[in-house]
Amino acid sequence: MVVVSITFPGGLLKKFDNFIRTRGYYSRSEAFRDAVRSLISEVKLLETDTERVVATIMVTSEYARKDVTVRLTRITCELDDIVVENLHRNIGDKHCLNIFIAEGTVQRVGNLVGRIRGMRGIQQVKAVFMPM
1291 MVVVSITFPG GLLKKFDNFI RTRGYYSRSE AFRDAVRSLI SEVKLLETDT ERVVATIMVT
1351 SEYARKDVTV RLTRITCELD DIVVENLHRN IGDKHCLNIF IAEGTVQRVG NLVGRIRGMR
1411 GIQQVKAVFM PM
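Every number in my numbering is 1290 more than the matching position in the sequence shown, counting from 1.
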């Protein structure tokens, strides 16, 4: 195996270590490999022969990061031909949750998810794809 060095914010590493303990992984490396395999399998779905997909995309961010909400709104407007619905809710006083429902070609919906994942200030993105 090849050794790879990555950088984690302290809080995220603490959560990751807790996750490893509660899920029974025997090492950080195995948990990280599992996460990478999961991300790759999601991308593989987008590379199948399926022409159209429907996706639910859940996005969390910090409430204080108002710029994230502005950028998500901008993306929603730019891709209004595939974003069927967008719901924004404040969760407590620290977090925001955005839920997108998108319908379109594999490439366009995959592009939407990629753009959201690439944004600064996003804490987490969970996407579920269904071939149509």
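From the three backbone atoms N, C-alpha and C, an ideal C-beta is built for every residue, glycine too.
So, helix, strand or coil for residue i, using DSSP?
i, result
"S1351", "strand"
"R1407", "helix"
"V1373", "strand"
"E1320", "helix"
"I1381", "strand"
"I1391", "strand"
"I1296", "coil"
Is residue i near residue j, with beta carbons less than 9 Å apart?
i, j, result
"R1284", "F1306", "In the structure displayed, the chain extends from 1291 to 1422; residue 1284 sits before or after that span and is not available."
"E1375", "I1391", "yes"
"F1419", "V1344", "yes"
"L1377", "M1409", "no"
"R1355", "G1411", "yes"
"V1333", "G1400", "yes"
Checking the sheet assignment: what are the DSSP bridge partners for residue i?
i, result
"A1417", "I1347"
"V1399", "Note: V1399 sits in no beta bridge, so no partner."
"I1412", "S1351"
"R1364", "Beta-bridge pairing links R1364 to no other residue."
Assuming residue i contacts residue j (C-beta within less than 8 Å), just tell me the rounded distance between them.
i, j, result
"E1341", "V1396", "7 Å"
"D1370", "G1394", "With 8 Å as the limit, D1370 and G1394 do not qualify as a contact, their Cβ atoms being about 11 Å apart."
Is the CB of residue i under 9 Å away from at least one CB in chain C?
i, result
"E1393", "Within the model displayed, chain C is absent; a lone protein chain is all it includes."
With three or more C-beta pairs closer than 8 Å as the rule, is the segment 1343–1358 touching the segment 1400–1420? yes
Using 8 Å as the Cβ pair cut-off and three pairs as the minimum, do the segment 1300–1314 and the segment 1374–1392 touch? no
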